[in-house]
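A.B. asks:
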């Protein structure tokens with residue numbers, strides 16, 4: 060059945076049903092096998108490690124009736140989602156480098172794409188859902204934020220073009236998202252529908268530039284965003300709006316694959332039924348439907364609409380043609396690039412070329428103030444603030460953020476949403492100091508715009524905590540991992556004599572590098588000592 | 060070099076160096092590949108999932124010069140260490156069933172062995188480091204505890220014999236541990252050396268019975284324990300004591316493989332150098348050396364001692380003969396049992412036969428008091444006490460222990476060693492109620508004797524907390540997951556009107572089953588409704 064070809068369903072990257080992390084969203088293998096045999100054309104994968112992903116992709120291909128699109132949201136390197144791949148500094152870090160070293164940033168963006176592409180390919184994926192083409196014009200954006208390549212349209216256009224050059228060289232398909240731009244939103248579309256006041260003129264001047272650049276660079280697909288632009292279409296969010304999708308088709312002239320963002324996201328499912336959303340998106344001009352809530356129902360509903368004449372048959376034809384065109388491109392890749400890349404059947408995913416890129420990004424993204432050559436050595440409380448610990452992908456008992464301060468006498472205490480509330484309702488004394496005991500605080504804040512966190516972080520009064528701890532003479536150091544906007548806020552109130560650091564990334568290597576300015580590294584960590592090799596200066 | 064054959068080195072179950080969870084203990088692949096090529100005879104694996112383990116075992120075999128022993132500490136099912144396998148109730152749960160239904164418990168123990176054996180084999184392992192033959196005669200034992208099959212010598216002997224029958228039927232080697240008995244210790248040998256006051260008479264009457272039964276049941280190997288018995292050998296712990304190991308060889312007459320417990324454990328490494336320990340254990344009568352700190356150094360030291368005549372060459376000969384005998388047994392297994400078991404090349408590890416065993420163990424181990432048909436429905440604080448959260452193997456945001464109470468209005472708060480201290484120094488009011496806010500407490504305590512935890516839990520005043528909460532009329536329910544000894548203590552002070560449950564296991568399915576007595580399950584969890592099928596009654 061041709062309609063099935065247009066669905067991209069969600070599956071766990073783990074092989075076994077019992078390992079699924081989100082059983083509500085990830086089908087059982089029995090259903091997955093059946094749907095693939097019936098012709099479903101794509102799978103989006105979440106979770107697991109690269110070894111599992113390699114086996115998983117092989118299995119899924121063996122179940123599929125025809126060629127299969129295998130994609131993942133690996134915007135920040137394969138390691139962002141699959142352990143064993145490289146976990147790179149978020150794109151906004153490259154955006155920050157661009158402001159001082161544009162040439163260098165462009166080179167890094169291209170290598171970022173190449174590294175992500177070759178690792179994705181080695182895992183068995185053939186379609187990377189990146190680059191994010193949104194311009195993070197709103198610092199309070201709870202869902203794009205660090206995922207964007209910058210706050211300026213031209214900068215984003217230049218960097219995503221370099222990324223696309225890199226990734227395309229490795230024989231995987233690309234995806235520009237989230238059309239017509241999700242960077243100015245104040246709410247998370249995983250939780251509710253963002254409303255943007257932009258008119259077409261504003262889009263033309265800002266948001267559309269990176270998408271035009273992506274198309275000029277040969278992007279294979281564009282993903283629609285779940286955002287409402289009442290000045291352009293007062294009724295339907297972009298994903299379901301032919302008016303908005305027609306801008307892409309007719310004004311910009313994109314003739315590649317148009318894929319929706321996940322249809323199960325609240326921004327859509329709060330207001331539209333599951334079948335309704337699938338039919339509407341398809342009618343509006345989407346070619347591929349990502350994560351419909353119930354794939355069988357979606358197929359049935361679209362077939363019915365085609366039979367009833369509610370959907371023109373022409374829509375099916377053009378969607379199939381576009382989809383088969385990218386599939387043909389993958390097959391061509393396999394014949395050309397594949398021959399060179401795929402004969403190494405090992406489980407090794409990350410090579411020196413990737414590690415050097417990761418290091419170079421780290422060494423040129425982390426900022427420090429009041430570097431103390433002697434190290435921080437008073438001892439006290441190492442207060443780590445994270446979103447959650449069940450699990451926390453960048454923290455375990457051996458993480459630098461715990462171990463390095465511990466060796467200097469700092470006892471770790473982790474604050475997270477399932478822990479004891481550390482707050483008092485007093486903006487002068489927001490942190491309940493009495494429940495922490497004696498000692499000065501070494502503060503490590505892991506805060507970035509993460510999907511599903513609902514922007515809760517903005518309610519945490521960290522600037523006030525800095526002032527409070529300084530007043531009590533109990534702040535010995537500060538590291539922010541994540542939001543540059545929070546960092547900018549905090550250094551405004553930070554006493555200039557207190558050592559501090561900022562890292563856009565939260566991964567262990569970033570922790571180690573940032574903390575090397577505060578604490579002595581032991582023998583095993585000496586490799587960081589040659590970090591100078593990777594740094595470039597004015 | 061033959062000496063290398065006698066080493067069992069540690070490796071991560073993950074395939075990539077970057078995924079190692081304990082890089083201090085787990086060699087890099089480069090070193091591992093070299094050592095296996097040089098003839099190292101065994102690898103013990105930790106971490107990863109079953110899919111990774113399958114690939115890992117293939118890779119390790121391809122690196123090895125000769126036949127390779129591949130083992131793991133999967134005492135509580137393969138799922139205890141490797142996600143994707145069955146995670147069974149701990150052996151002490153079967154021990155508890157034995158007291159009421161001895162026949163049934165023996166049947167369960169045999170199925171426990173068969174399930175663990177067949178899953179281990181499917182993963183590529185050929186040697187399971189179980190059963191624990193220690194008698195948990197000391198309820199305060201911080202390291203054996205739930206791992207033992209009971210507190211009575213005859214019961215342990217009977218159950219481990221059944222386990223061995225089960226596991227041996229699946230074509231994997233077995234290991235009885237920790238000779239001459241680690242069940243009466245008060246300290247954890249991972250942290251320091253336990254001292255036992257037993258003389259030979261006491262050993263003969265108690266501790267040795269299960270080992271004799273294991274040998275009569277055809278056990279393939281025995282592991283020595285790091286325990287000091289001054290009445291038998293005042294100088295050396297069992298692992299390094301020829302006097303004690305000779306009891307096994309000459310008094311009991313065991314002629315199979317004698318393997319040490321991990322030589323890097325503090326009980327040994329606090330007092331003996333790394334090479335010294337390896338040479339001494341070998342001289343004392345051990346055939347295989349588990350996890351020497353530096354394998355190259357251990358090989359060199361043993362070779363030197365053999366050359367110098369400090370170690371008789373006869374020791375090397377007999378160790379090699381014994382080791383090659385079990386290797387031959389594996390090869391015979393591969394030809395007979397293997398043909399039947401191994402032709403299924405899938406990644407599936409757990410089958411209905413395993414799931415039914417896991418369910419039957421759960422349904423017959425969980426105790427409840429004051430079962431409330433209407434459920435607990437007041438709402439309040441769901442206080443979960445766990446050892447640690449970085450990570451917590453049985454808890455994530457979708458675990459029943461979080462979700463089921465949450466649906467009934469209980470907000471989860473997790474207490475763990477890296478969290479804010481919940482304690483006051485007042486044994487009447489030990490829990491700092493003011494920092495938890497309003498509402499009644501639904502208390503879930505995940506406490507069992509876990510290695511490396513140092514018996515810390517004994518310092519937590521949970522009986523006093525129960526009294527405190529009851530006095531304040533703020534206790535709405537109690538579940539203990541783990542230690543039956545803690546449970547016994549707590550029900551003594553628990554108000555009989557308060558609903559409570561006890562589960563020996565901590566895994567999600569045990570949580571779901573225990574909580575089904577308190578909270579309504581939703582549609583997806585209805586499979587538990589047929590739990591009656593799995594229960595047997597007097």
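Residue numbers (this note's numbering), protein chains in the order written: chain A, 60 to 597; chain B, 60 to 597. Note that the Cβ used here is the ideal one computed from N, Cα and C, for glycine as well. Treat the numbers as computed from the prediction; the structure is a model and nothing was measured.
Would you call the region 445-457 of chain A in contact with the region 63-71 of chain B, where contact means no fewer than 3 C-beta pairs closer than 8 Å?
C.D. replies: With a cut-off of 8 Å, the region 63-71 of chain B and the region 445-457 of chain A do not count as touching, because too few Cβ pairs lie within range.
A.B. asks: Going along chain B in order, which residues have a C-beta closer than 9 Å to the C-beta of residue 472 of chain A?
C.D. replies: Taking the first residue of the first chain as position 1, residue 472 of chain A is located at position 413. Here the neighbours are 477, 478, 479, 480.
A.B. asks: Hey, is the region 143-159 of chain B in contact with the region 145-163 of chain A, meaning 3+ C-beta pairs nearer than 8 Å?
C.D. replies: No contact exists between the region 143-159 of chain B and the region 145-163 of chain A.
A.B. asks: So is residue 247 of chain A buried or exposed if we call it buried at 16+ other beta carbons inside 10 Å?
C.D. replies: Sequence index remark: in the first chain, residue 247 of chain A carries index 188 (1-based). By the neighbour-count rule (16 or more Cβ atoms within 10 Å), residue 247 of chain A is buried.
A.B. asks: With a cut-off of 8 Å on the beta carbons, I'd call residue 606 of chain B and residue 285 of chain B a contact; round off their distance for me.
C.D. replies: Summary: the structure shown does not reach residue 606 of chain B, with chain B confined to residues 60 through 597, and so no result is reported for it.
A.B. asks: What residues from the region 91-113 of chain B come within 9 Å of chain A, judged by C-beta to C-beta, listed N to C?
C.D. replies: Taking 9 Å as the Cβ-Cβ cut-off against chain A, the residues of the region 91-113 of chain B that qualify are 107, 108, 109, 110, 111, 113.
A.B. asks: Hey, is residue 538 of chain A's beta-carbon within less than 7 Å of any beta-carbon in chain B?
C.D. replies: As a position in the first chain, residue 538 of chain A is number 479, starting the count at 1. No - not a single Cβ of chain B is within 7 Å of the one on residue 538 of chain A.
A.B. asks: Can you tell me whether residue 496 of chain B is buried or exposed, with buried defined as 16 or more other CB within 10 angstroms of its CB?
C.D. replies: Taking the first residue of the second chain as position 1, residue 496 of chain B is located at position 437. Label assigned to residue 496 of chain B: exposed.
A.B. asks: To test your reading of the DSSP string, which unbroken alpha helix (DSSP H) runs of 4 or more residues are found completely within the region 103-132 of chain A?
C.D. replies: Qualifying alpha helix (DSSP H) stretches, in chain order: 109-122.
A.B. asks: For residue 516 of chain B, which three-state DSSP category applies?
C.D. replies: Here residue 516 of chain B refers to the residue found at position 457 of the second chain. Bear in mind that a pLDDT of 48 at residue 516 of chain B, under 50, signals an unreliable position, so the model cannot answer this.
A.B. asks: Distance, Cα to Cα, residue 71 of chain B vs residue 139 of chain B?
C.D. replies: For the purposes of this step, residue 71 of chain B is taken as residue 12 along the second chain, with counting starting at 1. For the purposes of this step, residue 139 of chain B is taken as residue 80 along the second chain, with counting starting at 1. If you take the alpha carbons of residue 71 of chain B and residue 139 of chain B, they lie about 15 Å apart.
A.B. asks: Within 10 angstroms of its Cβ, does residue 322 of chain A collect 16 or more other Cβ (buried), or is it exposed?
C.D. replies: Mapped onto the first chain, residue 322 of chain A falls at position 263. The residue is buried, with at least 16 neighbouring Cβ atoms inside 10 Å.
A.B. asks: Among B:543, B:523, B:133, which residue has its Cα nearest to the Cα of residue 534 of chain B?
C.D. replies: Here residue 534 of chain B refers to the residue found at position 475 of the second chain. Selected option, being the one with the closest Cα: B:523.
A.B. asks: Does residue 494 of chain B come within less than 7 Å of chain A when only Cβ atoms are used?
C.D. replies: What you label residue 494 of chain B is simply residue 435 of the second chain in a count that begins at 1. By this cut-off, residue 494 of chain B is an interface position.
A.B. asks: Taking the alpha-carbon of residue 469 of chain A as reference, which of A:477, A:503, A:482 has the nearest alpha-carbon?
C.D. replies: Along the first chain, one-based indexing puts residue 469 of chain A at 410. When each option's Cα is compared against that of residue 469 of chain A, the closest is A:503.
A.B. asks: Once DSSP output is grouped into helix, strand and coil, what is the label at residue 138 of chain B?
C.D. replies: Within the second chain, residue 138 of chain B is the residue found at index 79, counting from 1. Residue 138 of chain B: helix per DSSP, three-state reduction.
A.B. asks: Could you work out which residue in B:245, B:149, B:183 is closest to residue 24 of chain B when comparing CA atoms only?
C.D. replies: Past the edges of chain B, shown from 60 to 597, lies residue 24 of chain B, and the structure says nothing about it.
A.B. asks: Got a sec: is the Cβ-Cβ distance from residue 498 of chain A to anything in chain B below 7 Å?
C.D. replies: For the purposes of this step, residue 498 of chain A is taken as the residue at position 439 of the first chain. So, not an interface residue.
A.B. asks: At 8 Å on the CB atoms, spell out the chain B contacts of residue 455 of chain A, in chain order.
C.D. replies: One-based indexing of the first chain puts residue 455 of chain A at position 396. In chain order: 80, 449, 450.
A.B. asks: Would the beta-carbon of residue 190 of chain A fall within 7 Å of that of residue 219 of chain A?
C.D. replies: Residue mapping note: residue 190 of chain A aligns to position 131 of the first chain, counting from 1. Residue mapping note: residue 219 of chain A aligns to position 160 of the first chain, counting from 1. Contact: yes.
A.B. asks: Please list the partners that residue 407 of chain A has in chain B, where partner means a Cβ-to-Cβ separation under 8 Å.
C.D. replies: If you number the first chain from 1, residue 407 of chain A lands on position 348. The contacting residues are 75.
A.B. asks: So residue 318 of chain B and residue 280 of chain B are supposed to be a Cβ contact under 8 Å. How far apart are they, rounded?
C.D. replies: Taking the second chain and counting its residues from 1, one reaches residue 318 of chain B at position 259. Taking the second chain and counting its residues from 1, one reaches residue 280 of chain B at position 221. The pair is a contact, with the Cβ atoms about 5 Å apart (cut-off 8 Å).
A.B. asks: Determine the DSSP secondary structure at residue 507 of chain A, reduced to helix, strand or coil.
C.D. replies: Locating residue 507 of chain A in the first chain gives position 448, where the first residue counts as 1. Residue 507 of chain A falls in the coil class under three-state DSSP.
A.B. asks: On the DSSP letters alone, give me the boundaries of the beta strand (DSSP E) that residue 427 of chain B sits inside.
C.D. replies: On the second chain, position 368 is the one that residue 427 of chain B refers to. 426-428 is the extent of the beta strand (DSSP E) around residue 427 of chain B.
A.B. asks: Could you work out which residues of chain A lie near residue 142 of chain B, taking near to mean beta carbons separated by less than 9 Å?
C.D. replies: Residue numbering aside, residue 142 of chain B sits at position 83 when the second chain is read from its first letter. Within chain A, the residues near residue 142 of chain B are 73, 75, 77, 78.
A.B. asks: Looking at the unbroken alpha helix (DSSP H) that takes in residue 172 of chain B, where does it start and where does it end?
C.D. replies: Within the second chain, residue 172 of chain B is the residue found at index 113, counting from 1. 161-182 is the span of the alpha helix (DSSP H), which, as asked, contains residue 172 of chain B.
A.B. asks: How about residue 126 of chain A and residue 386 of chain A: do their beta carbons lie closer than 7 Å?
C.D. replies: Working through the first chain from its first residue, we reach residue 126 of chain A at position 67. Working through the first chain from its first residue, we reach residue 386 of chain A at position 327. It is a contact, given that the beta carbons lie within the stated cut-off.
A.B. asks: Could you work out which residue in A:459, A:474, A:265 is closest to residue 467 of chain A when comparing CA atoms only?
C.D. replies: Translated into positions along the first chain, residue 467 of chain A becomes position 408. If we check each option's Cα against that of residue 467 of chain A, A:459 comes out closest.
A.B. asks: Among residues of its own chain, excluding the 5 on either side of residue 274 of chain A, which ones have a beta-carbon nearer than 7 Å to its beta-carbon?
C.D. replies: The residue labelled residue 274 of chain A in the question sits at position 215 within the first chain. Closer than 7 Å at the Cβ level, and outside the excluded window around residue 274 of chain A, lie 311, 313.
A.B. asks: With a threshold of 6 Å on Cβ separation, who are the neighbours of residue 381 of chain A within its own chain once the five nearest residues in sequence on each side are excluded?
C.D. replies: Here residue 381 of chain A refers to the residue found at position 322 of the first chain. Contacts found: 316, 346.
A.B. asks: For the alpha helix (DSSP H) containing residue 94 of chain A, list its first residue and its last residue.
C.D. replies: Residue numbering aside, residue 94 of chain A sits at position 35 when the first chain is read from its first letter. Counting along the chain, the alpha helix (DSSP H) containing residue 94 of chain A begins and ends at 88-96.
A.B. asks: Over the uninterrupted alpha helix (DSSP H) stretch that includes residue 414 of chain A, give me the two end residues.
C.D. replies: Taking the first chain and counting its residues from 1, one reaches residue 414 of chain A at position 355. 411-422 is the extent of the alpha helix (DSSP H) around residue 414 of chain A.
A.B. asks: Taking all protein chains shown into account, decide if residue 121 of chain A is buried (16 or more other Cβ within 10 angstroms of its Cβ) or exposed.
C.D. replies: Counting from 1 along the first chain, the entry for residue 121 of chain A is found at position 62. Label assigned to residue 121 of chain A: exposed.
A.B. asks: Just mark residue 271 of chain B as buried or exposed, buried being the case when its beta carbon has 16 or more other beta carbons within 10 Å.
C.D. replies: Start at 1 with the first residue of the second chain, and residue 271 of chain B comes out as number 212. Burial call: buried.
A.B. asks: In the DSSP assignment, find the beta strand (DSSP E) that holds residue 237 of chain B and state where it starts and stops.
C.D. replies: Start at 1 with the first residue of the second chain, and residue 237 of chain B comes out as number 178. Element bounds for residue 237 of chain B: 234-238.
A.B. asks: Report yes if the C-beta distance between residue 119 of chain B and residue 102 of chain B is below 7 Å; otherwise report no.
C.D. replies: Here the question's residue 119 of chain B lines up with position 60 in the second chain. Here the question's residue 102 of chain B lines up with position 43 in the second chain. Result yes, Cβ atoms of residue 119 of chain B and residue 102 of chain B sit closer than 7 Å.
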